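Chemist: This structure is in structure tokens; I'll ask about it shortly.
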Amino acid sequence: MIALEKRPQPARGWVIGAPLLAVVLTMIAGGIMFAALGKDPVGAIRIIFWDPLFSEQFSGYSRPQLLVKAGPLILIAIGLSLGFRAGIWNIGAEGQYIVGAICGAAFGLAFWPSTHPLIFPGMVLAGLLGGVLWAMIPALLRVYARTNEILVSLLLVYVAEAMLASAATGWLRNPDGAGFPGSRNLARHAGTDNPELIAGTGMHWGVLAAFVAVIAAYVIMTRHVLGYQIRLAGQAPRAARFGGVNAGRLVILCMGVSGALAGMAGLFEVSGPAGRISIDFNVGYGFTAIIVAFLGRLNPIGILLAGLLLALTFIGGELAQLMLGIPAPAIQAFQGMLLFFLLALDVLANYRVKLKRRVAA
Amino acid sequence: MTALLEISGLSKAYPGVVANDDVSFSIQPGEVHALLGENGAGKSTLVKMIYGLVKPDHGTMRLKGAPYAPAEPRAARAAGVAMVFQHFSLFEALSVAENIALGMEDPPKPRDLAARIRDVSHAYGLPLDPFRLVGDLSAGERQRVEIIRCLLQDPKLLIMDEPTSVLTPQEVEILFQTLRKLAAEGTAILYISHKLEEIRTLCDAATILRLGRKVGECTPRAVSAAHMAEMMVGKSLAQPARDTHTPGAVLLAVKGLSLPATTPFGTSLQDISFLVHAGEVLGIGGVAGNGQDELLAALSGEINAVPETITLNGLPIGALGPNARREKGVLCAPEERLGHAAAPEMTLTENAVLTARIRRGLDQSGFVDWARARRFAQEIITRFDVRTPGTEVAARALSGGNLQKFVIGREILQDPTVLVVNQPTWGVDASAAAAIRQALLDLAQGGAAVIVISQDLDELLEISDRFCALNEGRLSPARDARALSMEEIGLMLGGAHDMAEVVA
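Chains as they are written, first to last, in our numbering: chain S, 49 to 409; chain C, 147 to 650.
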């Protein structure tokens, strides 16, 4: 019989070793799947993990994409992780991301065609406030009406999507766009654009913000009283109240921070990689960030690595579809395998596997 | 007659500690056998081995003459060994019957189970409604759930880990009647306790452990409590020293404090008034679930009251939060150590920050000064003799008594003006309890006002200057504790009529 025995402390070796082993196991299991589909397994794995970064043919395009895709994931996931640590479940980052993008874009378009240097900072602020505003609805309802923030924040995603559609087809539509839905292109206009800061890296203001958020979250969680209170509230709510933590204020704060970061992520996206408000502007970063947050153990450094890894599989997956004709569901199954192995092997960090014979009672 | 359980040469070592070293004793059928020892004497490890939670390194056990080596608690239960733990493992959101069904291998239909629960609870004088939510039960009632859960398995040996630490004298009497009835029917009981007088009234035999070794056995009725205490501690115990003194000015005044219940089955506080003077210990007695938790929450600031109903030095503090009150010198130590007074998964250093951040300056402009926090945690550990490998150990890893010392020490070392403690010595061994009581008396001696909420009447009479009783959310007027007889206290507690029903 196989038994799991809890370790007194997580094993240091496995904390690092488990993710590496998970990637290797995913390659093996995924390779078998690709082979069964009649594709070259080694080639497929190489296209997913290696070519996006190192192939001469593709890396020119896909290497910058790594940061472009990982940036919003990390930025949103960092915000979510603070609340998740405190037992506050903001599932609606996607909605806050959309509202942030709409508010930021609206601010920039309001001054069109001005190129004043304060316009972009104003857009960032507007995006941040838009995200906060959207997150405050579930936060205030939870504090003052005892509703469940999971449901409210999730359902508000669909409201935000409806608002996005109305903005793209109505009040933010490009007046010079011949009636097509979608706003003016913010990325191609000096003053409203979120440019690539270092050419060929994909690094834009949003990626920079994500890195700053990682560092700030790390400092807050380990050194600041707020981080202490967040951990306390998540682990022992009653002790937190005894310790003077105001639960309602913590909910508003954590929801506010996650809304702010999601809103900023939306703004950086709409003014950079996406370029404009369109009906299909949101591609699920807000939801994927939940996976990133948990994959990173709600730890800022972990989230940074998880965001990069997930972004890599997205880019590599697209490349594999394109180059080898591997069907999209197979790519998704492959990504699912990665998550599965990561979470399954995580057990090894906290538990020790023991083989023992069943003893008759 | 062969012994029911025979233990010979049991040893168990953990890295760095020898928990049990060559322990041997035997329990006869129908015998109430006491297991005595200080915290860390190895009692818990020993019963865990009997219950199949821990595997011994050496030694053998024989149950009814046959070799007995349970690989897991299920095997122990199947062999007829049941255990009531000191910390209950119950789901608060489930009913009594659901909780009991969860622990069974093959639970019967809910209605049949409820009927069986009622039968057993009547047969043994432990009234319990199978359909009530565990979350609404008092500690004493929760213990009944655990006991009935065991009795439904029809055990041959029942292990009880400090069962009376949460009970009132009346509840203790009911429990003892139950245990005596079980013993008369042939069930052996292994009874772990620090309360020597209880052991003398209840137990037929006693095995005494110190530092993992068996240091003696005795017939409790034939020896004095002091003698057993000496065997247990290895030295003689000092009674808490106290001087008679005249109390100083009124520090904390509560006047007309009323609060609605916070949970559907909670207790509402009704028109509570009392004064505490500098240099005084006020004892508040009462059966669990009569508003103790609510009173502590109102005093700590976890529940807000009308500002003027609670005043400190004449200034209203009733509407201040916990940290604002700490700033003013009103400190509290709640009853529930894990999850309320301390966060179980956090280290002792982190738990030191929980309440001492403000008064001990453990943060600077919002950033926690972890080095300072660690020094403060170390200070608590040293001053209050908390047995732990260090400051970076999770609170849950400490034994109940050691964590209690840490929690009380954390508040006392913050130099409070008013200290409120709820059940300060629950589950703490005799010498540690004496140390905690002495620390509380010293604090009062130094001019602080101390409020001790407790169910342990002996403790209250030992340290209180004045005594009042909490019953159904109402507080009796305070009386001079030294002039009270047990009967008067019984009347003050006012819960006697409830207990009479229970016994009948």
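Don't be surprised by glycine CBs; every beta carbon is placed ideally from N, CA and C.
Being a predicted model, the structure only gives us computed values, none of them experimental.
Identify, in the order they occur along the chain, each residue of the same chain with its Cβ nearer than 8 Å to the Cβ of residue 634 of chain C, setting aside the five sequence neighbours on each side.
Modeler: Closer than 8 Å at Cβ, skipping near neighbours: 625.
Chemist: State yes or no: is the beta carbon of residue 132 of chain S nearer than 8 Å to at least one beta carbon in chain C?
Modeler: no
Chemist: Is there a Cβ from chain C that is less than 8 Å from the Cβ of residue 280 of chain S?
Modeler: yes
Chemist: Within 8 Å (strictly less), CB to CB, does residue 459 of chain C reach chain S?
Modeler: Chain S, which has no Cβ nearer than 8 Å to the Cβ of residue 459 of chain C, makes this no.
Chemist: According to the Cβ coordinates, are residue 241 of chain C and residue 216 of chain C closer than 8 Å?
Modeler: no
Chemist: Buried or exposed: residue 649 of chain C, going by 16 or more other Cβ atoms within 10 Å of its Cβ?
Modeler: Legend: pLDDT at residue 649 of chain C = 35, less than 50; position of this residue unreliable, value from coordinates given subsequently. It counts as exposed.
Chemist: So residue 374 of chain C packs on residue 361 of chain C, CB below 8 Å; how close in whole Å?
Modeler: With a Cβ gap of about 11 Å, residue 374 of chain C and residue 361 of chain C do not count as contacting.
Chemist: Taking only beta carbons into account, state which residues of the segment 206-233 of chain S come closer than 7 Å to chain C, listed in chain order.
Modeler: Listed by position, the residues of the segment 206-233 of chain S near chain C (Cβ gap below 7 Å) amount to none.
Chemist: When you compare the CB of residue 644 of chain C with every CB in chain S, is at least one pair closer than 8 Å?
Modeler: Unreliable positioning characterises residue 644 of chain C in this predicted model, as indicated by a pLDDT of 37, which lies under 50. The coordinate reading is nonetheless provided below. It does not: the Cβ of residue 644 of chain C has no partner Cβ on chain S nearer than 8 Å.
Chemist: Suppose the cutoff is 7 Å on Cβ atoms and the five residues either side in sequence are ignored; what does the same chain contact list for residue 515 of chain C look like?
Modeler: 508, 509
Chemist: Assign residue 363 of chain C to one of three DSSP states: helix, strand, or coil.
Modeler: Of the three classes helix, strand and coil, the one that applies to residue 363 of chain C here is strand, per DSSP.
Chemist: Considering only their Cβ atoms, is the gap separating residue 124 of chain S from residue 310 of chain S smaller than 8 Å?
Modeler: yes
Chemist: Report yes if the CB atom of residue 513 of chain C is closer than 8 Å to the CB atom of residue 272 of chain S, and no otherwise.
Modeler: yes
Chemist: Could you confirm whether any beta carbon from chain S is found closer than 8 Å to the beta carbon of residue 489 of chain C?
Modeler: yes
Chemist: Please report how far the alpha carbon of residue 641 of chain C lies from the alpha carbon of residue 617 of chain C, in whole angstroms.
Modeler: Caution is warranted here: a pLDDT of 46 is assigned to residue 641 of chain C, below 50, making its placement in the model unreliable, and the coordinate value is therefore given only provisionally. Take the alpha-carbon of residue 641 of chain C and the one of residue 617 of chain C: they are about 7 Å apart.
Chemist: Rounded to a whole number of angstroms, what is the C-alpha to C-alpha distance between residue 199 of chain S and residue 174 of chain S?
Modeler: Approximately 26 Å, taken between the alpha carbons.
Chemist: Output the distance between the C-alpha atoms of residue 357 of chain S and residue 82 of chain S, rounded to the nearest integer angstrom.
Modeler: 20 Å
Chemist: For a contact meaning CB atoms closer than 8 Å, what does residue 468 of chain C contact in chain A?
Modeler: Protein chains in the displayed structure are S and C, and chain A is not among them.
Chemist: Please return the same chain residues whose Cβ sits closer than 7 Å to the Cβ of residue 590 of chain C, not counting the five positions on each side in sequence.
Modeler: 425, 426, 427, 596
Chemist: Grouping DSSP H, G and I as helix and E and B as strand, with all else coil, what is residue 229 of chain C?
Modeler: Residue 229 of chain C: strand per DSSP, three-state reduction.
Chemist: Going by the DSSP bridge assignment, what does residue 349 of chain C pair with across the sheet?
Modeler: Paired residues: none, contrary to the question.
Chemist: Report yes or no: is there a C-beta of chain S within less than 8 Å of the C-beta of residue 284 of chain C?
Modeler: no
Chemist: Whole angstroms is fine: what's the gap from residue 252 of chain C's alpha carbon to residue 70 of chain S's?
Modeler: 39 Å
Chemist: Using a Cβ-Cβ cut-off of 7 Å (strictly less than) and excluding sequence neighbours within five positions of residue 115 of chain S, which residues of its own chain qualify?
Modeler: 249, 250, 251, 255
Chemist: Please classify residue 171 of chain C: does DSSP put it in a helix, a strand, or coil?
Modeler: Strand, per DSSP.
Chemist: Just to confirm, are residue 623 of chain C and residue 568 of chain C a CB contact at a threshold of 8 Å?
Modeler: no
Chemist: According to DSSP, simplified to helix, strand and coil, what is residue 641 of chain C?
Modeler: Confidence at residue 641 of chain C is low in this model, with a pLDDT of 46, below 50, so its placement is unreliable and the value that follows should be read with caution. In the structure shown, residue 641 of chain C falls within a coil segment according to DSSP collapsed to helix, strand and coil.
Chemist: What beta strand (DSSP E) runs, 3 residues minimum, are completely inside the segment 434-498 of chain C?
Modeler: 456-458, 476-479
Chemist: Answer with yes or no whether the minimum CB distance from residue 446 of chain C to chain S is below 8 Å.
Modeler: yes
Chemist: Could you tell me if residue 219 of chain S is buried or exposed, where buried requires 16 or more neighbouring beta carbons within 10 angstroms of its beta carbon?
Modeler: exposed
Chemist: What in chain C is Cβ-close to residue 284 of chain S, meaning under 7 Å?
Modeler: 485, 489, 490
Chemist: Pairing CB atoms from the segment 180-188 of chain S with CB atoms from the segment 270-285 of chain S, are three or more of them under 8 Å?
Modeler: no
Chemist: Per DSSP, which one or two residues make a beta bridge with residue 514 of chain C?
Modeler: C:509
Chemist: Return the Cβ separation of residue 219 of chain C and residue 156 of chain C in integer angstroms, given the expectation that the two are a contact with Cβ distance under 8 Å.
Modeler: Their Cβ separation, rounded to whole angstroms, is 17 Å, which puts residue 219 of chain C and residue 156 of chain C out of contact at 8 Å.
Chemist: Measure the alpha-carbon distance for residue 209 of chain C versus residue 307 of chain C and round it to whole angstroms.
Modeler: 20 Å
Chemist: Buried or exposed: where does residue 292 of chain C fall if 16 or more other Cβ atoms within 10 Å of its Cβ makes it buried?
Modeler: buried
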